[in-house]
Structures are given as C-alpha cells and as structure tokens.
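Trainee:
Residue numbers (our numbering), protein chains in the order written: chain L, 10 to 782; chain Y, 683 to 827.
Written out as structure tokens, the structure reads:
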C-alpha cells in the first residue's frame, strides 16, 4: 500500500470505524474518532513530504469514469487542513459534545452520530481534494453536502436547525447539479472526465464557457459568496465545533478548492477572472460590513468568513504568483485562525452561557490563556506583523498593486474592516468590565485553541513550511514552478505602506465606531431582511405550494390517480404515433390454421380482462385479473418462449396470493363504503363519469393502436438479438435468457435486484408502522 | 374444503418444491429457468404452508425465520460478484472464466461467476417473497384480533 492509498483509506474509514465502535459501545466513539483522525493527519503529513504515486483505475470504462486520485500539492494542502484542523476540532468536540448533549437533554449515545458524520465530512473532503476524475469530484462534493446537512441539523429538535440544514443542502445541492451538468458538457465536448487530460486539451469555446461558469457557480455557492452566501450565517445554528470545521477546513474551503482545481481552465478566459474578482470584492465588502455590527459572536464570525473567502476569491481573480500562491497561503492562515476563533466562541458560551458580545466582557481576568490564544488567532486574521496572517495580506496587497489603484484602495479598506470587526470580537469578549459569572471549563476546551493560536504565531516567525505547502498547491493551479518566500522587509515597500495604512485605518475605524455604528447596523439589518434569502424562501414556498396542488389533483381519488397516469401516457403515445413512420404497419394478415390455439388463448385473456373491469367484489376482480395473466403466459409458451412463460406463471401465482393477502388487510365492504373525502360531493359528478369513460376509451384505443402497429411491423433485420444468440455458447451458457440476465445485461439485473431489496425494506417499514391505510 | 387433505399435500409437497427450485436454479444456465424463477418457486412452497397451516405453524420454518438474512445474503452475494472485478482493476460485472475459456463443470453445470450471481438472485427473491408474505400474514392476523 502506498502513501496515497493509505491517506485515502485512513480518511474514508474513520467514519465507518467510529460508527461501528460507537454502535457497539457509545463510550468508544470518542477515542476511536480521535485515533482515526490522528492517523489520517499523519498520513496527510507523510504525503506532504513524500507524495505517493497517483491511483488510476478504470471502473466504468464504457463511460470513461476512472478511480483517479492523486495527492498533488493542492490535495496535500486541503487534506492537511481537513485532517489537521479536523483533529483539533474533534479533540475539542470530545469535551464539547457531551456537555452540549447534556444541555439539550439528549442521550449521550447521540455523540456517535456526531462523530461519525463529522468524520464522514473529513473523509469526503479528503477524497474530494485528491480526486482527478470529474465524476469522482462530484461524488465527494455531494458527500460533503450530505454530511453538512446532518451536522448543521444535528440539533434536529430545533426548528431553526432543520431549516438551516435544509437551506444549506438546497443551495449547495442545486449548484452541485450545475457542476454535474458542467462536467458532462466538458466530457461531451472534449471527451474526458480526467482533469489532467482536460487541462491539456481544452480550447475555450462556447460550450466550455457555459460548463466552467456552472462549475464556478457551484464553487462560489459552496464558498458562500454573494449572492449565494445567506446559508452560511444560518448554518451557525450547528454545534460550535461543526461551525469551526465548516468555516475553516471543510464545506466553505471546498468551494475555493474547486476554484483552485479548475484554475488552469479558468485562466483561459480573462472575463472569468473578472467574474471572480467582482464576486470576491462584493463578498469581501458585504461580509465585512455585516460583520462590523453583528452582536452574536458566531454570526459575526460567519460574516467574516464570507468576507475572508471573498479575499481569497479576489486573489484568485487577480491571478499571478502573488494572487494564486498567496490565496493558498491565505487559506491556511484563515483556516488556523478562524477555527480557533469559532472554538473560542464555543468555549466562552460554555463558560458564561452568553452568545452575544454585549452579554460578555472582561474574560481576560478569568481566562487569560484563552484570551492570549484567541488574541493570536485574531491578530493573525487581522494581519498584524509577527503573525502568519501578515503575509497573507502582503500577498493580497502585492496582487492588488499589480491591478491598479482602485484595487489597492479596496484591499486596504477590506483589511481595515477585518481589523475592526476582529478587534470588536476580541475586545467584546475579553476586554471591558467583567460581565456575568464564569464557570470553569475543562482543559480540552482550551488546548486545541492554544495549539491553533500558537501555530498562527509560529507562522509569523517561521512561515517557510506553510509557504512550501502553499507554493506546492499554487503550482498545481498555476501550472508553474513559482515559490513563495515570505519574509519581513523593513523598508518602504508598497505592501508595507498599505499594511500600515490598513492597520492604521482599522484602529481609526474601531475607535470611531460610535459615529458610524448605527448607520451600518441599519443598513446591515436591511440587507439581511431583503437580501437573496428572501428570494430563496419565496421560491421554496411557491414550489412547495405548486407541488401540493399537483399532488392533490393526483391523489383526490383512485380514478384521478389512474387518470394522471393514463392521460400523459396517452398524450405521449399520440405524439409518437404522429411522428413515427407507419409504412408497412397496421396491416391485417389472414390468420394461419396453426395459430388457432393462440387466438383462443388471447380471446380468453380478453374475456378475463373485460370480466376484471366489471365491478363486483375485490376477490372476483383479482381472480379475473390473474386469469388474464395465466392466459397470457400460455400465449408466451405457444410462441416458444418457455423462459418468459415460466416467469409469467410464477409471477402470476405469487401476485395472486399476495393480492388476496392484501385484500384481507382492507376493511370489510370497502367497495360500498364512502371513499370520497368528506369535503367533496358524496355522489360522483356526472362530468367525472364522462371524463373517466372518455379517458379510459382513449387510453385503451391508443394501447390497441400501438400494439397493432408494433406487432404488424416486420422484425428489424440487424437486431442485437442475433449477436446474443451467437455469443451465448462463448459465455458458458445454453439458455439465452439466463445469459442475458446474468451476463450480457448483468448490470441491469444488479440494479433491479437492488431495487427489490430496497422495496422489501419499504414494505417492511410500511407494514410495521401500520401506514397501509 | 377438506383441510386435512390440503395439509397433507402441502407438507408432502414442500421438499419436492424446493428440489424443483434448486434444479431450475442449477439448470438455469443451460436450460429454461433461472435464479429468479427458482427463488419464486422456493418461496411459493413456503407460502403454501402459510395458506394451509396458518401463520403460527408456518413461521416456525427456518426459511421464514431467516427470510431477511437470506435476502440480504443474496443481495450481498450478487453485489460482491459484480464488484469484485473492480478491486482487481477490471470493469464492473466482469465474469470468470472469460469467454471460451475452460470452466470446471459438474455434469452440465459449469462453475462460473454468472452462476454465483444467479444464486444471489435466487436467495434474494426467495427471501423477499417469503419475508413480504410473512409481514402481510402478521398484519392480517393483528387485524382480526
């Protein structure tokens, strides 16, 4: 087993292992989760030094789909984030989740669910970043959405959590369908799902533009960029460790990862970079403004995430070495700092019970270590010198400088806003007079924050290793060999001046907040109320009402239900009949003498069919119906199709017995009982009878026409059937039907039997829960 | 109806039914019938016991008690047959031995992976049919009481 395979297996097996051990004994879930994550992290670290060879196996060659995964620089960066920050978050959760469940009056066993889903998140993320096959990317992409759905909705007893989870799933799920369409278009146009091959072969044209824009939309929605950002502040209803993970290393990071992955295709069109630039700048400013005034700690951080990923998207849009490699560096710096800040919010809420900045204060006295660690993280995010984040802003300023004066101004303003809201966050919690009482928290709610904060500081003194990882990742996106070498320049470089300006105006902004606070708060509240979230809610509501109306037409009574199947089917048949070449169809031939028995059997089937339509009691109707089936199976036998005849007889017998068993479940005399809902007229209206008769006659006539047309047409000459007959002996078979089922079309059979298994589960659920009526 | 006679017949017929089912499964690849038909016949044999003896007696039969396990085993066996080639780097549902290659055989039965797949179908179909009928039987009994 090489390093790549090991990383993949370690990351993917963490969730099932935790679930299995947790199911056996709930107290095992925590240690197993920590252990498996640690192993995955070590595997990712190993790959950073000695990347394993690519995995490339065909699994559906006919569709060009391969198991193609590689631990390249980009994959290593995000895998390190997913497993490393994952480890910190999971260690934190091992202390936090039991307390959380205790507050919510939930059983302690529920923590298995939590750990399994967050590790599924980690596994999906690791798989996603390594995948080189578009279908594989799509698979893992959706897996992260599913995991996030369960994690955001972990407190499923709260309505807010369910709504938020649904919103996140819909926004990221629908845009993921866009990704799928884009992937299929790329495959149709350039004949491959493999990203390396596409990068070598794509010549931008109209189709590839649409495909890439769809993929970009999926990426931007996942990264919570304006206007698809509204799900992220909602998602903070999740338990705090989930938010920390979601914002720093998983869900939202997946979006910018995708931009990095497709960057070689994106740069082919200059306007796509401009698109990124516009979206990034708008998100940066909007997120920053909203973060400036939020009182809820997690909400402030959520908007700051939108702004920070706006930074990163902007840097991708600016392009070049400073832009792209700098963006990778910013992803690392942001991941470390933001996870620490979220975890801080969790610890503070755990210690004081407060969720709002206005309800806490002065915690520097009671929690000095936490104040220091989260101060370092905040400083890093605010790009104070001697922290890792300083360099992220330096590259940001460098890239902006290449782009002109306006971009420089925007960059400085954005950095100043970042400083201001982070200062508000930190000072709101730790500064000022002491508010409320503080209960002691276990060390496990402190240690991960201290480590993350220390790393943010370490990156300020020794940025080389982080820059190496970022450079390797950026090289994959830029297809270059550029490297970052962050260092302090004690001179009047443009970047230093911009940094000084940013921090200076940030301080000014912070101390002048009395002046602007009310205005910005009003604007933000307005923005939250009439923003795109409103459109989303209205859309969901209308769609739901529309679906309810259609549903009601269908299920009003049994006749409507049959009609809703029959009417569209008849319509489609009419269209087909009109457009089909009817030469040599619809002819009558003289019946042959030998066909007499056949005609007799068909006649019996017809009589049984008419008998089944006469309403008497259910039992005789069912009997007549199976009479049709048995007569038809004789027809098959006469047509020399013993396999089909055998199956027909068996299925008819089985269904007959099942049918009668189901009849026993019906209330007595149901055919005379009142089945029409009470708010409907009791007697079926005359127009219903007319409608039903017309529909039945029309449907029957069309079925007859189709059968006649098909049967009177001469058999096609070059049918695939001939080849089946020829190949059957080579496939070790004598009976063609069986060989087709188990070999030639075995994949279909596999799908069908899986459906049988699922149907069994469905029936069992329905009957067990007594939902049959 | 003479209940005793029906019961005698049902009891006598159970084993022959199963034998026919197995025969159809085994002969399936070289003659009419396949795992699906075999599975339905085997299940019908069991259902016959329900109809004549009633739920209480019939559900003591082993295939009834383990219907779910039988179905699951069948499904997993079929899926395993389909997916094992993927692990060996071949495409899904690749069968062994390959076309025209020599296959070990017992009489007319050749030991090939499609046959294994068919056994999976057999077990699944039998398990599901018996399982559904058992569920229904329980539901009706609860209704009567």
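Note that the Cβ used here is the ideal one computed from N, Cα and C, for glycine as well.
From residue 469 of chain L to residue 504 of chain L, what distance separates their C-alpha atoms?
Mentor: Their backbone Cα atoms lie some 16 Å apart in a straight line.
Trainee: Output yes or no for whether 8 Å exceeds the beta carbon distance between residue 342 of chain L and residue 462 of chain L.
Mentor: Not in contact: residue 342 of chain L and residue 462 of chain L (Cβ atoms no closer than 8 Å).
Trainee: Check this for me: beta carbons of residue 20 of chain L and residue 124 of chain L, under 8 Å apart or not?
Mentor: Contact: no.
Trainee: May I have the straight-line CA-CA distance separating residue 443 of chain L from residue 376 of chain L, to the nearest angstrom?
Mentor: Rounded to whole angstroms, residue 443 of chain L to residue 376 of chain L spans 12 Å at the Cα level.
Trainee: Quick check on the DSSP output: the alpha helix (DSSP H) that includes residue 438 of chain L runs from which residue to which?
Mentor: Its alpha helix (DSSP H) spans residues 414-439.
Trainee: Please classify residue 66 of chain L: does DSSP put it in a helix, a strand, or coil?
Mentor: Residue state, collapsed to three classes: strand.
Trainee: Answer yes or no: do residue 211 of chain L and residue 277 of chain L have a C-beta to C-beta separation smaller than 8 Å?
Mentor: It is a contact, given that the beta carbons lie within the stated cut-off.
Trainee: Determine, using beta carbons only, whether residue 158 of chain L and residue 250 of chain L come nearer to each other than 8 Å.
Mentor: Cβ atoms of residue 158 of chain L and residue 250 of chain L: not closer than 8 Å.
Trainee: Between residue 774 of chain Y and chain L, is any beta-carbon pair separated by less than 8 Å?
Mentor: Yes, its Cβ sits closer than 8 Å to a Cβ of chain L.
Trainee: CB-CB under 6 Å to residue 317 of chain L, same chain, minus the five flanking residues each way: which ones, in chain order?
Mentor: 343.
Trainee: Report the partner residues of residue 788 of chain Y according to the DSSP bridge assignment.
Mentor: Note: residue 788 of chain Y sits in a beta bridge opposite Y:791.
Trainee: If you measure between the beta carbons of residue 322 of chain L and residue 487 of chain L, is that distance less than 8 Å?
Mentor: No, the Cβ-Cβ distance between residue 322 of chain L and residue 487 of chain L is not below 8 Å.
Trainee: Should residue 693 of chain Y go down as buried or exposed, given a rule of 16 or more other Cβ atoms within 10 Å for buried?
Mentor: Under this definition residue 693 of chain Y is an exposed residue.
Trainee: Buried or exposed for residue 495 of chain L, going by 16 or more other Cβ atoms inside 10 Å?
Mentor: Looking at its Cβ environment, which holds 16 or more other Cβ atoms inside 10 Å, residue 495 of chain L is buried.
Trainee: Tell me the residue span of the beta strand (DSSP E) that contains residue 303 of chain L.
Mentor: Counting along the chain, residue 303 of chain L falls outside any beta strand (DSSP E), and DSSP gives it neither H nor E.
Trainee: Check whether chain Y comes within 8 Å of residue 776 of chain L, counting only Cβ atoms and requiring the distance to be less than that.
Mentor: At least one chain Y Cβ lies under 8 Å of residue 776 of chain L.
Trainee: Is the beta carbon of residue 819 of chain Y closer than 8 Å to that of residue 670 of chain L?
Mentor: In contact: residue 670 of chain L and residue 819 of chain Y (Cβ atoms closer than 8 Å).
Trainee: Could you compute how far the alpha carbon of residue 731 of chain Y sits from the alpha carbon of residue 815 of chain Y?
Mentor: So the alpha carbons of these two residues sit roughly 11 Å apart.
Trainee: For residue 477 of chain L, which three-state DSSP category applies?
Mentor: The answer is helix: DSSP assigns residue 477 of chain L an H, G or I state.
Trainee: Taking Cβ positions, are residue 781 of chain Y and residue 794 of chain Y nearer each other than 8 Å?
Mentor: No.
Trainee: If you compare alpha carbons, which of L:27, L:550, L:137, L:508 is closest to residue 84 of chain L?
Mentor: Answer by Cα proximity: L:137.
Trainee: Taking 8 Å as the threshold (C-beta atoms), are residue 729 of chain Y and residue 658 of chain L in contact?
Mentor: The answer is no: Cβ separation not under 8 Å.
Trainee: Counting only runs that start and end within the segment 290-368 of chain L, where is the alpha helix (DSSP H) found for 4 or more residues in a row?
Mentor: 306-327, 335-361, all fully within the segment 290-368 of chain L.
Trainee: Put residue 140 of chain L into one of helix, strand or coil per three-state DSSP.
Mentor: Strand at residue 140 of chain L.
Trainee: Exposed or buried, which one is residue 248 of chain L when buried takes at least 16 other CB atoms within 10 Å?
Mentor: By the neighbour-count rule (16 or more Cβ atoms within 10 Å), residue 248 of chain L is buried.
Trainee: Any beta carbon from chain L within less than 8 Å of residue 696 of chain Y's own beta carbon?
Mentor: For residue 696 of chain Y, the answer is no, since every Cβ of chain L falls outside 8 Å of its Cβ.
Trainee: For residue 625 of chain L, which three-state DSSP category applies?
Mentor: Coil at residue 625 of chain L, not helix or strand.
Trainee: Tell me, please, which residues DSSP counts as bridged to residue 74 of chain L.
Mentor: Per DSSP, L:69.
Trainee: According to the neighbour-count rule (16 or more other Cβ atoms, all chains shown, within 10 Å of its Cβ), is residue 812 of chain L buried or exposed?
Mentor: With chain L covering 10 to 782 only, the question about residue 812 of chain L has no answer from this structure.
Trainee: How about residue 11 of chain L and residue 70 of chain L: are their beta carbons less than 8 Å apart?
Mentor: No, these two residues do not count as a Cβ contact at 8 Å.
Trainee: Could you tell me how far apart the beta carbons of residue 327 of chain L and residue 281 of chain L are, in whole angstroms, since I believe they sit closer than 8 Å?
Mentor: No, residue 327 of chain L and residue 281 of chain L are not in contact; Cβ-Cβ is about 13 Å, not under 8 Å.
Trainee: Please report the distance separating the alpha-carbon of residue 688 of chain Y from that of residue 734 of chain Y.
Mentor: Near 7 Å, if we compare the C-alpha coordinates of residue 734 of chain Y and residue 688 of chain Y.
Trainee: Assess, as a yes-or-no matter, whether the segment 381-395 of chain L is touched by the segment 360-368 of chain L under the definition of 3 or more beta carbon pairs within less than 8 Å.
Mentor: No, the segment 360-368 of chain L is not in contact with the segment 381-395 of chain L.
Trainee: Closer than 7 Å, Cβ to any Cβ of chain L: which residues of the segment 737-753 of chain Y, in chain order?
Mentor: Within the segment 737-753 of chain Y, the residues whose Cβ lies closer than 7 Å to some Cβ of chain L are 753, listed in chain order.
Trainee: Give the interface partners of residue 729 of chain Y over in chain L, defined as CB-CB distance under 7 Å, in chain order.
Mentor: Neighbours of residue 729 of chain Y on chain L, chain order: 666.
Trainee: Checking contacts by CB at 8 Å: is residue 18 of chain L closer than that to chain Y?
Mentor: No, its Cβ sits nowhere closer than 8 Å to a Cβ of chain Y.
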